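Before any comments, here is the structure.
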């Protein structure tokens, strides 16, 4: 440590996270420990809930040793010379690094892995989130050392605000010349909030201290020999051997999801489908030069599609012990509080028909179509279920136990047929041209949402398969792959589908067919005057209702 220069810290917090309190804590702690310090704040506006940065400088020599001299502090950080960057949100950390404040020679970065999505991220039709891997790589490249941890989870567990956790992380890093007792003495003066703040501080302190201990142990191990990490924890030995290492992490997640969703047989079907894709990719790319990217994409999107949401799935998720614990945590419920939770459901004919055999399902759906064709609204059954009560919870658990009925239902059969059609298109495309198969695999991103949104998504994908992957004529496979990529991007950019129709027509495929919609006749309420055209003298005037 340079004892002739102040230690410079930049604290970054979103609105409502207690950044100002954190800054005041640090100044009070410095004074309590006998050190000189200064803080300034820089208010700003971000695309989430507002962001403010706080710049502090702490002189690392106690005032008692300065013999009456006083250090001169700066008011703002110097680019590339920042000692510590502390942030409660990963993208905010990246934003500050992008300003050139951090450097790999000087800066210790302490950041939460938690995200608060920006407005632009939420507006994307597809997955508009910034990739976490890119943000973490930015942290690694612009820090001499870094601690990345989920401060949001620690904060919720402590029942406090994130500023207390951030303070604990800074204390655990050892970057400041204060004892732990100095921190706790100041936090303890916080009145009724002090116990929760101390819990958050302790959790942050222990988390970073634990990371530092692990880093030291790893450095000692790597000093003589290089160690490797097994990324396939959770996979059985045969799956580990059958699939390349690059897909092991995602495969473990997908396989676990299938087990949870429907059981071992369904997980085996998932694996069998992936093996078909892997076989095709190995035929076209035996050396794995493309990193088995097609198989990796299918591992992700196939798992999401196969675990489609239905009444059984929703009931299962809403009646789990972990969900009740999460609700208690979110409302800060104490053991002696009376907590009541009501879930509102509105299943319609499609949801009921989904669990019925095809014959009965068609009868229910046709009945609902006749109902709508007759001018009535689609049938629904609004339900209000008190999941805090025995009857409500039993009702959900009974519905969640109908996994055996799901596989006999009409929707399960229909979903598997569509999945196999997409799977065949991916395999056929891969065998013809790697890029073509990869673009078809990426089309799994189109399957999202529920209800009408999910139905439109599947119709879009099937239309792309029928008219771009198969029917349309292209001079090369690369041109076909490019057309599929353009159609996928268009579908994700426009919910109405107009962009997709333009892309289809541009590449020689027909636009999606217009779906018939029933005309609903609405009677004029009693006592309400009829509407007339503006010019009643016009001989072509017609009265309308």
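Residue numbers (our numbering): 33 to 577. Backbone N, C-alpha and C fix where the C-beta goes; we use that ideal spot for every residue, glycine too. Remember, it's a predicted structure, so these values are computed and weren't measured experimentally.
Cβ-Cβ separation, residue j to residue i (assumed contact under 8 Å), whole Å
i           : j           : result
residue 205 : residue 142 : 6 Å
residue 418 : residue 372 : 7 Å
residue 457 : residue 472 : 5 Å
residue 114 : residue 88  : Actually they are not in contact, since the Cβ atoms of residue 114 and residue 88 sit about 11 Å apart, beyond 8 Å.
residue 462 : residue 551 : Residue 462 to residue 551, Cβ: 46 Å. No contact.
residue 220 : residue 230 : 7 Å
residue 193 : residue 185 : About 14 Å; that fails the 8 Å criterion.
residue 524 : residue 158 : 4 Å
residue 123 : residue 172 : With 8 Å as the limit, residue 123 and residue 172 do not qualify as a contact, their Cβ atoms being about 16 Å apart.
residue 338 : residue 290 : 6 Å
residue 441 : residue 387 : 4 Å
residue 136 : residue 174 : 6 Å
residue 382 : residue 397 : 7 Å
residue 311 : residue 470 : That pair is no contact at about 15 Å.
Residue range of the unbroken alpha helix (DSSP H) whose run includes residue i
i           : result
residue 354 : 353-362
residue 182 : Where residue 182 is concerned, there is no enclosing alpha helix (DSSP H), given that its DSSP letter is neither H nor E.
residue 65  : 51-65
residue 423 : 422-432
residue 492 : 484-496
residue 170 : 164-173
residue 280 : 280-293
residue 536 : 530-538
residue 297 : 296-316
residue 328 : 325-338
residue 27  : Outside the displayed span of the chain (33 to 577) sits residue 27, for which this structure offers no information.
residue 346 : 343-350
residue 384 : 381-386
residue 271 : 269-274
residue 161 : Run containing residue 161: none; DSSP gives neither H nor E here.
Residue i beta carbon near the ligand HEM (any heavy atom closer than 7 Å)
i           : result
residue 424 : As for the ligand HEM, it is missing from this structure, which has no ligand bound.
Host beta strand (DSSP E) of residue i (start-end)
i           : result
residue 452 : First-last for residue 452: 442-464, but that is the alpha helix (DSSP H), not the beta strand (DSSP E).
residue 375 : 374-377
residue 46  : 39-46
residue 546 : Unbroken run through residue 546: none, as it is neither H nor E.
residue 396 : From DSSP, residue 396 is part of no beta strand (DSSP E) but of the alpha helix (DSSP H) over 390-405.
residue 418 : 415-418
Beta-carbon proximity check, residue i vs residue j, cutoff 8 Å
i           : j           : result
residue 494 : residue 450 : yes
residue 128 : residue 105 : no
residue 279 : residue 324 : yes
residue 160 : residue 166 : no
residue 520 : residue 533 : no
residue 116 : residue 44  : no
residue 183 : residue 198 : yes
residue 66  : residue 95  : yes
residue 147 : residue 121 : yes
residue 90  : residue 39  : yes
residue 578 : residue 273 : Residue 578 is absent from the model: the chain starts at 33 and stops at 577.
residue 474 : residue 329 : yes
residue 522 : residue 541 : no
residue 539 : residue 517 : no
residue 200 : residue 232 : yes
Spatially closest choice to residue i from the options, by CA coordinates
i           : options               : result
residue 344 : 137, 433 and 212      : 433
residue 465 : 86, 313, 409 and 172  : 313
residue 411 : 378, 423, 428 and 427 : 378
residue 492 : 513, 454 and 508      : 454
residue 331 : 309, 341 and 340      : 309
residue 487 : 439, 356 and 547      : 547
residue 476 : 336, 355 and 353      : 336
residue 238 : 225, 179 and 409      : 179
residue 145 : 155, 213, 374 and 125 : 125
residue 98  : 200, 351 and 68       : 68
residue 357 : 138, 295 and 420      : 420
residue 288 : 277, 276 and 301      : 301
residue 436 : 276, 298 and 503      : 298
residue 138 : 318, 448, 352 and 110 : 110
residue 47  : 61, 348 and 74        : 74
residue 389 : 513, 426 and 443      : 443
residue 216 : 170, 496, 304 and 58  : 58
residue 214 : 497, 341 and 64       : 64
residue 351 : 50, 429 and 537       : 429
Test: residue i CB closer than 8 Å to a CB of chain B
i           : result
residue 283 : Protein chains in the displayed structure number just one, and chain B is not present.
| query | What are the uninterrupted segments assigned as alpha helix (DSSP H) that are 4 or more residues long and contained completely in the segment 200-228, given in chain order? | reply | Whole alpha helix (DSSP H) segments, 4+ residues: 212-219.
| message | My parser needs the beta strand (DSSP E) runs of 3 or more residues fully inside the segment 97-154; what are they? | response | 116-119 and 140-144
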